[in-house]
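Undergrad: Before I ask anything, here is the structure I am working with.
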Amino acid sequence: MNPLLTIAQTTAPITPADMGYLPHIMLGLYMLLLVWLCYLGYKKGEATEVDYYLAGRNQGTLVTSLTIMATMFSSAALLGIPGTVYRDGLAFVPFALNLTVGGIGIYLLGSRIHRLGKARGYVTPADLIGDYYQGTAIRLLATFTGAMYVLPYVIMQIKAGGYLAEQLFPDVQPITLMGEQFDMFRIGVWALSLLTTGYVLIGGMRSVAWTDVIQGFLLLTGMLLAGLATVLYFQNHGGFFNAVRQLPPEAQSLPGATGKWTPLMMLSICLFAALGAIIQPGQWMRFYAASSVKTLRQSALTFAIVLPFCFIFGIMLVALGARHEFPPVYKYTEEQTKEMAGWTPEEAAKQKPVLHPHEKFGPSPADTDKAVIVMTQHTVPQVFGKTAGTFVVTLILIAILAASMSTADSNLHALSAILTRDVYDRYIHRSATEKEKTWFGRIIIILATMSSVLFVELGEKGGEFNPLTLITQLMLLAVAFSSQLLPLAIDCLYLHKGTRAGAMAGLAAGILTVLLFGPFPALILDENHPVLAALLKFTTSASAQIHISAIGIIVNTTVFALVSCVTPKLSPYHLLKFKEVLYGGYKNP
Amino acid sequence: MSNLAKILSAIILLGTLMGAGPGLSLASPAPDASQPATVFGIPVLYAWVAFWFLVQAAAIFVASEKLWKPQDGGATDKLEKEV
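Top line first, the protein sequences correspond to chains A and B. Residues 187 to 775 (my numbering) make up the first sequence, in order. Residues 754 to 836 (my numbering) make up the second sequence, in order.
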């Protein structure tokens with residue numbers, strides 16, 4: 187018998203009192219390490235735009251691999267996705283295969299983006315798109331698309347900071363500051379925002395990437411360790427797969443407990459959303475920042491193999507185990523109960539209850555996102571004992587924090603780059619010095635952080651303004667926006683058939699489609715109007731079958747192709763400049 | 754495109770279609786099944802996804818070793834240095 191398992195006979199789950207000051211010490215050490223790396227990044231950096239945003243285009247394989255992985259691995263990886271597996275069961279496990287597609291995308295798209303970026307001095311995605319299609323409007327549209335991705339992603343990470351603070355320090359009393367009461371959730375939100383903003387402001391890309399290395403190691407370790415603890419825990423409770431076999435049939439089959447994850451939905455996510463996530467502004471800029479194509483090739487291989495492995499054989503096991511140990515229940519939400527107050531029993535019987543997580547997670551359906559946190563606190567001490575268990579639980583919680591911070595910093599940094607480079611530099615203050623540009627970028631980072639904190643706080647206050655409660659929903663919506671750059675990227679890098687008007691029309695159509703098929707129409711359209719109600723019904727039904735990123739890309743590509751057929755082509759001499767870089771020695775036929 | 758590239762592309766596409774697409778219908782038990790479907794004691798849906806991941810991972814590894822060149826498409830280091 188595994189010696190670790192002998193401990194499990196008598197050890198109860200860790201309570202906050204058991205953890206003592208260890209979380210404070212470990213969190214303090216982690217933050218000190220980040221501050222030190224930030225200082226190193228600042229000392230090594232130069233006061234130029236390219237250095238602040240791309241770390242001198244000289245990042246090696248280790249830094250590039252881990253910064254790409256850490257940027258991809260957000261709070262969704264350790265909270266939202268396991269939360270969805272907990273809720274829906276095995277139906278959501280195929281989601282992990284989107285990462286193999288993403289890895290291939292890093293090489294096929296990233297290496298060409300890198301080559302063009304290095305040759306033509308690009309910093310942002312819109313630099314490449316705008317330069318290739320030779321237009322101001324297309325450049326602004328690409329900038330807007332990037333911004334639409336970044337904000338939901340930052341909001342999601344900041345929200346995760348609040349969850350973690352609640353779990354790490356549940357007994358801390360709320361504090362009052364300037365008349366405002368701050369509970370642990372709000373303290374976590376503000377602490378994560380301020381720390382992350384601090385090191386992005388000071389050190390730029392170099393600090394972001396170096397902290398990503400530490401955060402990348404932490405979160406890979408955390409995912410595998412949490413999975414290992416779950417499997418070892420179940421060895422003493424009849425076996426892991428035996429427990430999974432006992433889950434209800436709805437959790438062992440498609441389309442999952444909520445009925446959302448059909449094969450078509452999973453395929454559209456794995457093909458389109460995966461590539462959309464790879465060409466988000468933060469990743470795109472990492473392709474420019476890599477030192478060579480060889481670096482990207484190695485990063486792509488690591489990404490395609492290591493990340494899905496950590497999901498399938500790590501964190502997803504935790505979520506499946508949590509579903510067995512803390513089964514969710516169907517019950518009516520507060521709103522449903524209020525609505526049903528005056529109904530007859532026959533009318534009430536037609537109302538479907540909503541799947542809620544186990545009471546240990548919290549009262550809201552969105553609390554499914556806490557599956558890893560609750561399960562880890564339950565299993566780890568039983569596997570490793572209380573002392574080592576406290577250390578491992580804290581390490582896993584810090585890994586979740588690291589995942590949130592590494593994505594938030596990359597996205598804040600990318601937003602700063604795209605607004606400075608694509609808007610301020612070109613349309614507001616053309617003669618700005620390098621110093622002025624970096625300072626403008628820093629102001630953007632502060633404003634973006636503050637807006638994200640405001641959004642999270644408004645969302646937490648509840649009421650009707652809480653359309654995006656689940657982290658996975660936020661993630662998939664953000665990816666739907668960034669994936670609209672995919673048809674343009676493929677044309678710039680491979681096909682060279684599109685026109686400027688075609689690219690603009692396609693991108694605009696794609697963004698409008700995402701807006702129309704996303705959660706926004708339900709917030710603003712009058713459901714009592716027959717035409718609007720029919721439109722709403724159609725968009726809701728379509729987006730339940732196929733992911734909105736795929737709907738957007740289909741519309742985008744169709745419009746792009748059709749308009750390109752009837753509008754003036756780009757000059758062959760202009761295209762030749764790009765083909766020479768991409769294919770080397772290319773001769774115009 | 755070389756024959757190896759065609760074969761590996763087909764394997765990766767097949768892996769995606771089978772592991773995360775219509776192929777899932779072949780492995781997924783009926784939602785109202787009374788007995789869980791398993792392979793060697795592992796729930797069949799989990800085993801299916803893990804299998805196709807391993808297939809894809811092997812294909813990507815071979816592609817990275819045999820096809821993904823540092824100077825893909827013919828662009829040369831010299832050109833990069835000149836720029």
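Ideal Cβ positions, reconstructed from N, Cα and C, are used throughout, including at glycine. All figures in this text were calculated on a predicted structure; none of them were measured in a lab.
Have a look at T397 of chain A and T769 of chain B and give me their C-alpha separation to the nearest angstrom.
TA: 33 angstroms
Undergrad: What residue range is occupied by the uninterrupted beta strand (DSSP E) comprising T362 of chain A?
TA: Counting along the chain, T362 of chain A sits inside the beta strand (DSSP E) bounded by residues 361-363.
Undergrad: Pick out whichever of A:L541, A:M690, A:A346, A:I465 has its Cα sitting closest to the Cα of V271 of chain A.
TA: A:L541
Undergrad: Please work out which residues of its chain come closer than 6 angstroms, Cβ to Cβ, to L798 of chain B, disregarding the five sequence neighbours upstream and downstream, and give them in chain order.
TA: A780, S781
Undergrad: The alpha helix (DSSP H) with K345 of chain A in it runs from where to where?
TA: 322-354
Undergrad: Within a Cβ cutoff of 7 angstroms, which residues of the same chain sit near A719 of chain A, ignoring the five residues on either side of it in sequence?
TA: E713
Undergrad: A810 of chain B to D274 of chain A, Cα distance in whole Å?
TA: 26 angstroms
Undergrad: Between the segment 279-298 of chain A and the segment 461-476 of chain A, can you find at least three pairs of beta-carbon atoms closer than 8 angstroms?
TA: yes
Undergrad: Which residues, taken in chain order from the segment 510-531 of chain A, show a beta carbon closer than 8 angstroms to some beta carbon of chain B?
TA: Only those residues of the segment 510-531 of chain A whose C-beta falls short of 8 angstroms from the nearest C-beta of chain B would be listed, and there are none.
Undergrad: Keeping to the same chain, check which residues put their C-beta closer than 8 angstroms to that of Q522 of chain A; ignore five residues upstream and five downstream.
TA: Q537, P539, V540
Undergrad: Between which two residues does the beta strand (DSSP E) holding V515 of chain A run?
TA: 515-517
Undergrad: Name, please, each residue of chain A whose Cβ falls closer than 7 angstroms to the Cβ of S755 of chain B.
TA: By Cβ distance, chain A contributes nothing, its closest Cβ being about 15 angstroms from S755 of chain B, past 7 angstroms.
Undergrad: If the cut-off is 9 angstroms on Cβ atoms, which residues from the segment 794-811 of chain B count as contacting chain A, listed in chain order?
TA: G794, I795, P796, V797, L798, Y799, W801, V802, A803, W805, F806, Q809, A810
Undergrad: Where do the ends of the alpha helix (DSSP H) carrying E521 of chain A lie?
TA: Note, E521 of chain A: alpha helix (DSSP H), 520-525.
Undergrad: For the 8 angstroms Cβ check, are there 3 or more pairs between the segment 553-569 of chain A and the segment 223-235 of chain A?
TA: no
Undergrad: In angstroms, rounded to a whole number, what distance separates the CA positions of A585 of chain A and K763 of chain A?
TA: 45 angstroms
Undergrad: Between S735 of chain A and A459 of chain A, is the Cβ-Cβ spacing less than 8 angstroms?
TA: Note that the C-beta distance between S735 of chain A and A459 of chain A is below 8 angstroms.
Undergrad: Which residues in chain B have a C-beta closer than 8 angstroms to the C-beta of T286 of chain A? List them in chain order.
TA: I765, G768, T769, F806, Q809, A810, I813
Undergrad: Answer with yes or no whether the minimum CB distance from Y293 of chain A to chain B is below 8 angstroms.
TA: yes
Undergrad: Determine the chain B residues that contact A282 of chain A at a beta-carbon separation under 8 angstroms, and present them in chain order.
TA: V802, F806
Undergrad: For A689 of chain A versus F746 of chain A, is the C-beta distance shorter than 8 angstroms?
TA: yes
Undergrad: Between A758 of chain B and chain A, is there a C-beta pair that is closer than 8 angstroms?
TA: no
Undergrad: Does the CB of I290 of chain A have a neighbour CB from chain B at under 8 angstroms?
TA: yes
Undergrad: Taking 7 angstroms as the cut-off, is the C-beta of R301 of chain A nearer than that to any heavy atom in the ligand MG?
TA: Among the components modelled here there is no ligand, and therefore nothing to report on the ligand MG.
Undergrad: Taking the C-alpha atoms as reference points, what is the distance between Q568 of chain A and L506 of chain A?
TA: 18 angstroms
Undergrad: Which full runs of the alpha helix (DSSP H) of 4+ residues lie inside the segment 213-267 of chain A, going along the chain?
TA: 235-240, 247-258
Undergrad: Whole angstroms are fine: how far does the CA of L363 of chain A sit from the CA of G374 of chain A?
TA: 15 angstroms
Undergrad: Distance, Cα to Cα, L820 of chain B vs L761 of chain B?
TA: Cα atoms of L820 of chain B and L761 of chain B: separation of roughly 10 angstroms, rounded to the nearest angstrom.
Undergrad: Please list, in chain order, the chain B residues whose beta carbon lies closer than 9 angstroms to that of M591 of chain A.
TA: Result: empty, since nearest Cβ-Cβ is about 28 angstroms, beyond 9 angstroms.
Undergrad: Tell whether a beta-carbon distance below 8 angstroms holds between R483 of chain A and S787 of chain B.
TA: Cβ distance not < 8 angstroms, so R483 of chain A and S787 of chain B don't count as in contact.
Undergrad: Roughly how many whole angstroms lie between the Cα atoms of Y419 of chain A and F368 of chain A?
TA: 37 angstroms
Undergrad: Buried or exposed for Y339 of chain A, going by 16 or more other Cβ atoms inside 10 Å?
TA: buried
Undergrad: Taking the alpha carbon of V665 of chain A as the point to measure from, which residue in A:H615, A:L208, A:G468, A:G316 has its own alpha carbon closest?
TA: A:G468
Undergrad: Determine the chain B residues that contact V717 of chain A at a beta-carbon separation under 7 angstroms, and present them in chain order.
TA: The contacting residues do not exist; V717 of chain A stays about 35 angstroms from chain B at best.
Undergrad: For G227 of chain A, which of A:R392, A:T725, A:W447 has the nearest alpha-carbon?
TA: A:R392
Undergrad: Return helix, strand or coil for L820 of chain B, following the three-state DSSP convention.
TA: coil
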